[in-house]
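Asks: In terms of this note's numbering, the sequence shown has 93 at position 68, counting the first letter as 1, and numbering is strictly consecutive. All C-beta atoms in this analysis are idealised placements derived from N, C-alpha and C, irrespective of residue type, glycine included.
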Amino acid sequence: MVDPSGGGDAFSAGFIFGVINGWELEETLKLASAMGASAVREVGTTTGVFTRSEAEKFIKNNEIELEVKRCSLCKGE
Numbered sequence: 026m027v028d029p030s031g032g033g034d035a036f037s038a039g040f041i042f043g044v045i046n047g048w049e050l051e052e053t054l055k056l057a058s059a060m061g062a063s064a065v066r067e068v069g070t071t072t073g074v075f076t077r078s079e080a081e082k083f084i085k086n087n088e089i090e091l092e093v094k095r096c097s098l099c100k101g102e
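(1) Closer than 7 Å by C-beta to residue 52: which residues in its own chain qualify, once you throw out the five before and the five after it? Chain order, please.
(2) Pull up the distance between the alpha-carbon of residue 83 and that of residue 59, whole angstroms please.
(3) Short check: CB of residue 57 to CB of residue 75, under 7 Å?
(4) Just the C-alpha distance for residue 99 and residue 93, rounded to the nearest angstrom, thanks.
(5) Rounding to the nearest angstrom, what Cα-Cα distance links residue 38 and residue 54 in this structure?
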């Protein structure tokens with residue numbers, strides 16, 4: 026990590042993009058993780074942020090392991 030500025034915002038943007046486009050949770054989280062990671066690799070809040078094609082290439086070329094767990098309080102839903 027070079028500069029943490031913008032990492033959370035980029036993660037949120039990737040997550041919102043996936044939700045708005047109806048993606049599955051795992052695919053959405055992979056994009057969000059890639060976007061957040063890209064933001065912290067250079068100084069500044071937007072300098073290192075991936076474009077969509079860069080994010081897709083990063084996800085394709087790098088294994089992003091996820092463990093999705095449901096909230097125990099939400100079991101009654």
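Replies: Judging by the given coordinates:
(1) 43
(2) 7 Å
(3) no
(4) 14 Å
(5) 11 Å
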